[in-house]
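Peer 1:
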Amino acid sequence: MKKLINKAEDVVPEALAGMAAAHADMIKVFTNPNYIVRADGPIQGKVGVISGGGSGHEPMHGGFVGMGMLDAACPGAVFTSPTPDQMLEATKAVNGGAGVLHIVKNYTGDVMNFEMAADLAKAEGIEVAAVVTNDDVAVKDSLYTAGRRGVGVTVLAEKMTGAAAEQRRSLKDVAAVCQKVNDLGRTMGMALTSCTVPHAGKPTFDLPEDEMEIGIGIHGEPGRKRMKLASAHEIVEMMAAAVVEDLPYKSGDEVLAFVNGMGGTPLIELYLIYNELEAYLKGKGIKITRRLIGSYITSLEMAGCSLTLVKLDDELTKLWDAPVKTPALRWGA
Amino acid sequence: MKKLINKAEDVVPEALAGMAAAHADMIKVFTNPNYIVRADGPIQGKVGVISGGGSGHEPMHGGFVGMGMLDAACPGAVFTSPTPDQMLEATKAVNGGAGVLHIVKNYTGDVMNFEMAADLAKAEGIEVAAVVTNDDVAVKDSLYTAGRRGVGVTVLAEKMTGAAAEQRRSLKDVAAVCQKVNDLGRTMGMALTSCTVPHAGKPTFDLPEDEMEIGIGIHGEPGRKRMKLASAHEIVEMMAAAVVEDLPYKSGDEVLAFVNGMGGTPLIELYLIYNELEAYLKGKGIKITRRLIGSYITSLEMAGCSLTLVKLDDELTKLWDAPVKTPALRWGA
Amino acid sequence: MTISRDSIVDWIKAFAVAIEANKDYLTDLDSAIGDADHGANMHRGMQAAVGKLPTVADKDIGTILKTIGMTLVATVGGASGPLYGTLFMQLGTSTAGKMELSLADWTAALEAALGGVVARGKAAVGEKTMVDALTPALDALKSAAGSDIAAALKASAAAAAAGRDSTIPLVARKGRASYVGERSAGHQDPGATSSHLLLQTAADHLK
Amino acid sequence: MTISRDSIVDWIKAFAVAIEANKDYLTDLDSAIGDADHGANMHRGMQAAVGKLPTVADKDIGTILKTIGMTLVATVGGASGPLYGTLFMQLGTSTAGKMELSLADWTAALEAALGGVVARGKAAVGEKTMVDALTPALDALKSAAGSDIAAALKASAAAAAAGRDSTIPLVARKGRASYVGERSAGHQDPGATSSHLLLQTAADHLK
Ligand SMILES: Nc1ncnc2c1ncn2[C@@H]1O[C@H](COP(=O)(O)OP(=O)(O)O)[C@@H](O)[C@H]1O
Ligand SMILES: Nc1ncnc2c1ncn2[C@@H]1O[C@H](COP(=O)(O)OP(=O)(O)O)[C@@H](O)[C@H]1O
Ligand SMILES: [Mg+2]
Ligand SMILES: [Mg+2]
Ligand SMILES: [Mg+2]
Ligand SMILES: [Mg+2]
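Residue numbers (our numbering), protein chains in the order written: chain A, 5 to 337; chain B, 5 to 337; chain C, 414 to 620; chain D, 414 to 620.
1) Using beta carbons (cut-off 9 Å, strictly below), is V111 of chain A in contact with chain C?
2) Can you check DSSP and say which residues form a bridge with M231 of chain B?
3) Specify which residues have a beta carbon nearer than 5 Å to any heavy atom of ligand 4, listing them in chain order.
4) Using the Cα positions of R152 of chain B and D177 of chain B, report the straight-line distance between them to the nearest angstrom.
5) Can you tell me the Cβ-Cβ gap for C309 of chain B and L8 of chain A, rounded? I've got them flagged as a contact below 8 Å.
6) Assign T468 of chain C to buried or exposed, taking buried as 16 or more other Cβ atoms, counted over all protein chains shown, within 10 Å of its Cβ.
7) Would you mind telling me which residues of chain B sit closer than 9 Å to A307 of chain A, beta carbon to beta carbon, in chain order?
8) Could you tell me which of A:T302, A:V115, A:K288, A:N279 sits nearest to I220 of chain A, measuring between CA atoms?
9) May I ask whether a heavy atom of ligand 8 can be found less than 8 Å away from the beta carbon of R596 of chain D?
10) Give a single yes or no on whether L496 of chain C has its beta carbon closer than 8 Å to a heavy atom of ligand 1.
11) Would you tell me roughly how many angstroms separate the C-alpha atoms of D578 of chain C and H609 of chain C, rounded to the nearest one?
12) Rounding to the nearest angstrom, what Cα-Cα distance links D450 of chain C and K436 of chain C in this structure?
13) Note down the Cα distance separating A431 of chain D from T614 of chain D, rounded to an integer number of angstroms.
14) With 7 Å as the limit, tell me which residues of the segment 268 to 284 of chain A have their beta carbon closer than that to any beta carbon of chain B; keep them in chain order.
15) Which runs of the alpha helix (DSSP H) fall wholly inside the segment 524 to 612 of chain C and span at least 4 residues, in chain order?
16) Is the beta carbon of K315 of chain A sitting closer than 9 Å to the one on E258 of chain A?
17) Within 10 Å of its beta-carbon, does Q601 of chain C have 16 or more other beta-carbons around it, so buried, or fewer, so exposed?
18) What runs of the beta strand (DSSP E), each 3 residues or longer, lie entirely inside the segment 240 to 311 of chain B?
19) Are at least three pairs of beta-carbons, each pair with one atom in the segment 488 to 507 of chain C and one in the segment 525 to 534 of chain C, less than 8 Å apart?
20) Whole angstroms are fine: how far does the CA of G22 of chain A sit from the CA of I222 of chain A?
21) Could you name the residues that DSSP lists as bridge partners for L485 of chain C?
22) I think K329 of chain A touches G72 of chain A, with their Cβ atoms under 8 Å apart; what is that distance to the nearest whole Å?
23) Would you check whether ligand 5 has a heavy atom nearer than 8 Å to the C-beta of R586 of chain C?
24) Can you name the start and end residues of the alpha helix (DSSP H) that G58 of chain A belongs to?
25) To the nearest angstrom, report how far apart G559 of chain C and A522 of chain C are at their CA atoms.
26) Which same chain residues end up closer than 6 Å to N138 of chain A when comparing Cβ atoms and leaving out the 5 residues on each side of it in sequence?
27) What's the C-alpha gap between T606 of chain C and L547 of chain C?
28) Between the segment 181 to 205 of chain A and chain C, which residues of the former have a C-beta closer than 8 Å to a C-beta of the latter?
29) Quick one, are the C-beta atoms of G224 of chain A and L311 of chain A less than 9 Å apart?
30) Check distances from the C-beta atoms of the segment 218 to 240 of chain B to those of chain D and list, in chain order, the residues that come in under 7 Å.
31) List, in order along the chain, the chain D residues whose C-beta lies closer than 8 Å to that of D89 of chain B?
32) Cutting at 6 Å between CB atoms, please list the residues of its own chain near G447 of chain C, excluding the five before and the five after it.
33) Given a cut-off of 9 Å, decide if C199 of chain A and G267 of chain A are closer than it, judged by their beta-carbon atoms.
34) Please list the terminal residues of the continuous alpha helix (DSSP H) segment that includes G151 of chain A.
35) Tell me the DSSP bridge mates of W335 of chain A?
36) Select from the segment 491 to 508 of chain C all residues with a C-beta closer than 7 Å to any C-beta belonging to chain A, and list them in chain order.
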């Protein structure tokens with residue numbers, strides 16, 4: 005295992021300490037239990053927007069705490085859902101009297117832990133709503149599974165939901181924005197290499213030098229299928245087709261396109277992928293009017309990428325364009 | 005070779021096409037010869053600031069073109085200096101009558117090609133100045149070498165130099181700012197893994213599973229020495245000591261600290277490294293007053309990091325804080 | 414014959430030791446069909462639980478088990494945190510105030526615990542989860558009603574082992590392993606494996 | 414006996430072929446002490462140069478060689494771009510207007526070319542660069558003044574080969590290889606290797 009770390013068990017607390025030291029102007033980091041809040045919160049009368057999940061997906065979620073996005077994030081152990089006590093403390097910390105929204109990625113652990121936290125917070129008199137993101141088209145959505153995983157859309161939903169909260173909309177409205185982004189969004193991911201969980205000390209899976217995994221999860225969970233390594237053109241065609249056909253996105257649609265790196269993928273490849281994606285969508289009459297390109301929801305050092313589309317309307321476009329000032333996403337401020 | 009690409013020879017043009025499509029609001033991309041300019045340039049009366057170098061270091065330099073930073077960037081083939089015709093065209097394109105500054109990383113190829121371009125531009129009546137960055141303390145600086153390599157400081161110099169140009173300072177002043185950042189800046193890098201040049205198709209070097217390379221260059225050039233893999237604490241101590249002792253940075257100094265990922269390093273590790281760096285500097289009485297953490301000057305998919313310090317004064321701090329709006333670096337706008 | 418409070422404490426410690434000894438094994442199982450953290454999760458939680466023991470070891474069994482449950486909820490995370498947390502909290506609720514347990518008490522407690530796990534995770538038998546180990550273990554206990562405690566606990570551990578093994582051919586329908594669909598068949602479920610350890614250490618230490 | 418314009422054109426093409434054949438080899442050499450691009454750089458440049466040939470093949474030798482030089486400057490990049498570009502541009506300047514070359518012309522042209530390379534790169538013999546192949550090649554040509562052209566070219570190619578080999582034990586003091594300092598010893602310089610190919614193809618094709 006080759007990592008820039010000290011001991012496996014100290015990875016998360018030490019990285020959090022680094023974030024705290026680096027971004028004191030935007031965030032405050034609490035430990036025991038671990039959570040990150042906006043330096044200028046809680047904001048009276050504003051809905052608090054919270055997310056959380058396992059660590060190893062940086063900058064998600066901690067890097068998205070700040071003006072116009074999240075009020076708090078709860079980082080768990082690497083690839084492990086955080087615990088209810090973290091979420092409860094974060095919920096209390098950001099409560100400005102207008103209620104708190106939990107944005108939860110659809111994993112059994114995350115859902116159960118957030119549910120327990122919401123029950124505890126409600127018992128303390130805080131109004132809590134939750135939206136579960138489940139945009140991963142690689143997973144069969146049926147009664148016989150835990151449903152689709154929450155992946156790339158989560159980042160985009162956090163941005164737009166945060167913008168809606170910043171406008172002092174009600175908890176119901178803010179939750180509706182989040183739900184809308186999720187409902188209009190779809191994602192598909194792939195991996196060229198595995199990641200290595202620090203505690204495990206070895207790669208989660210083996211991928212031969214000439215193979216790739218299509219439909220990978222952000223925790224190195226196996227995907228749809230393993231295939232011979234293909235060209236960027238073929239990979240985008242395959243993934244974009246799965247995404248486009250799922251909603252489906254139609255000719256004339258305007259979309260936000262998100263080309264995400266899994267942590268070990270250089271930016272030059274992401275731009276090359278974006279070029280392929282735009283060409284593919286143009287062929288389908290789908291117009292990219294907004295985009296995000298970079299490594300924002302990662303799987304440690306995994307090489308690979310994911311493609312996310314969100315169908316935009318006027319409301320969502322304005323929420324996307326609204327100012328944001330967080331460690332990882334910043335514009336207009 | 006596992007990469008998200010089509011053909012090796014198309015990597016650079018296709019990635020440039022992706023950048024052009026993604027950031028039409030900030031940049032314009034020209035081909036044959038290849039160069040990237042600010043969408044709103046040339047700006048009359050403003051010094052044009054240009055840089056360039058081999059591709060494979062993204063977002064440097066193309067991602068730094070925009071308000072408050074570079075007016076143009078010239079991307080070469082992967083790890084290969086661009087050619088004088090690119091630089092000449094870029095120089096002409098950004099010339100607003102106040103002269104053009106070339107920021108050149110100290111590599112034989114870059115220096116020679118920029119020299120040829122400057123000669124050609126001068127022959128066309130454009131005032132050109134050049135600053136060569138050479139901040140890499142891993143390389144012995146002596147009469148018997150090509151001198152130190154230009155690495156991390158280049159990013160920071162481009163930011164502050166661009167801010168100075170934005171203030172309509174003279175070519176001489178703008179060049180002086182760039183020189184000052186370089187003179188007050190030092191860097192050291194290390195690698196956990198090699199990178200693979202697309203044309204070469206295989207890793208530039210082999211690094212056994214339990215070893216790392218200290219003092220690596222940004223092109224996968226061998227470094228100072230190969231060592232057993234160490235903890236983040238030991239790595240930072242070793243690299244930061246080399247950086248601090250070189251200028252030297254002294255107790256009471258205020259610095260900009262730049263923890264840079266080499267392309268394949270996840271953000272969680274960079275924050276952990278930043279945590280170590282801040283603790284180390286605190287022990288020396290050196291205060292980090294500004295910082296940049298992320299993968300900004302990369303070596304394709306290489307895993308590893310570099311540490312850069314720039315001693316700050318009031319002028320440089322203000323130039324660092326000034327608004328910037330580029331694809332890769334953005335604040336205050 | 415009853416189960417003493419002290420043997421309950423021993424059991425918790427022994428379970429923590431078993432988790433530590435099987436940490437890499439559990440993580441390997443989770444690598445194949447999940448995200449390679451079940452061993453680390455359970456280990457982190459049980460270390461914390463053992464750390465809490467001294468503060469409650471002189472209390473009643475219910476308090477001890479509830480404390481373990483709350484500690485697991487606050488330290489494990491993932492799917493197993495709420496599930497094992499609920500399991501122990503329900504064991505505790507069912508045994509509140511008791512200083513020793515009869516076989517019937519223990520059976521009732523495990524029934525409540527399994528009920529809590531199912532209420533929280535909504536998994537049925539055959540969906541490749543810890544429920545596949547816990548359910549036959551409870552059934553075996555019930556069948557052994559009236560017999561010797563040691564023999565009953567042994568039968569329940571054996572049933573848990575069989576239940577664990579029964580997960581191998583199954584296609585997962587709950588939790589993270591369900592994402593891999595058909596490809597989950599042929600792999601043993603990590604949670605069922607740790608649940609067997611729970612009941613095996615119970616058989617070895619409760620008395 | 415003279416060197417014809419057509420054989421100059423043949424030489425350019427043969428050099429391009431030799432570079433293509435040795436592309437991976439040159440890149441391997443550059444991986445050891447540089448950045449793994451010398452083969453790709455020279456190949457990209459020589460492909461462009463060969464592409465330009467039809468537009469100038471009916472011109473004088475000086476025009477042909479200058480065009481090659483300008484093409485290399487605009488397509489190779491890196492250190493070798495300006496260096497090989499200068500080399501060919503100086504060959505061209507020295508042979509301006511000529512339709513054939515005597516041995517003395519060729520020697521003078523190579524002297525100008527080497528002068529240009531040294532002026533641009535400031536490398537001396539022994540610093541582990543292409544200068545280590547070009548310098549003995551020029552010396553051999555000078556020593557062969559007055560003799561048969563084919564023999565002189567052969568001697569110059571042989572001297573370039575020896576010069577190339579002489580770079581192996583050297584510690585690099587110029588270019589990217591100088592960054593690795595002492596560790597550059599034991600590796601053959603890629604630029605000296607391509608320069609030998611230049612002079613070897615000259616010996617094989619100029620007539
Ligand atoms: N809905 C569920 N009901 C019961 N057990 C479950 C459920 N979902 C997951 N599990 C159990 O949890 C185990 C995985 O735990 P762990 O790896 O610690 O959490 P995570 O899946 O969040 O990474 C699975 O092997 C399975 O036995
Ligand atoms: N200053 C110099 N003078 C002469 N030759 C040089 C000089 N610097 C480098 N070279 C030659 O250039 C070769 C490297 O070329 P190349 O790999 O194409 O460029 P780069 O070093 O920019 O990657 C070296 O092997 C060496 O022979
Ligand atoms: Mg997990
Ligand atoms: Mg090069
Ligand atoms: Mg797991
Ligand atoms: Mg090279």
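Idealized CB from N, CA, C, for every residue including glycine. Quick caveat: nothing in here was measured; it's all calculated off a predicted structure.
Peer 2: If we stick to the structure as given:
1) The question names Val, yet the displayed sequence has Tyr at residue 111 of chain A. Interface residue, yes.
2) B:M216
3) B:F83, B:T84, D:D448, D:D450, D:G491
4) 24 Å
5) 6 Å
6) exposed
7) K6, K7, L8, G268, E305
8) A:T302
9) Inclusion of ligand 8 in the displayed structure is not the case, the ligand content consisting of ligand 1, ligand 2, ligand 3, ligand 4, ligand 5 and ligand 6 alone.
10) yes
11) 10 Å
12) 9 Å
13) 8 Å
14) G268, T269, P270, L271, I272, E273, Y275, L276, I277, Y278, N279, E282
15) 544 to 556, 562 to 579
16) yes
17) buried
18) 258 to 265, 291 to 298
19) yes
20) 23 Å
21) In DSSP, L485 of chain C forms no bridge with anything.
22) 6 Å
23) no
24) First-last for G58 of chain A: 52 to 59, but that is the beta strand (DSSP E), not the alpha helix (DSSP H).
25) 16 Å
26) N110, G151, R152, G154
27) 10 Å
28) V201, H203, A204
29) no
30) G221, H223, G224, E225, P226
31) V486, A487
32) R589, A590
33) yes
34) Counting along the chain, G151 of chain A falls outside any alpha helix (DSSP H), and DSSP gives it neither H nor E.
35) A:V328
36) G491, A492, G494, P495
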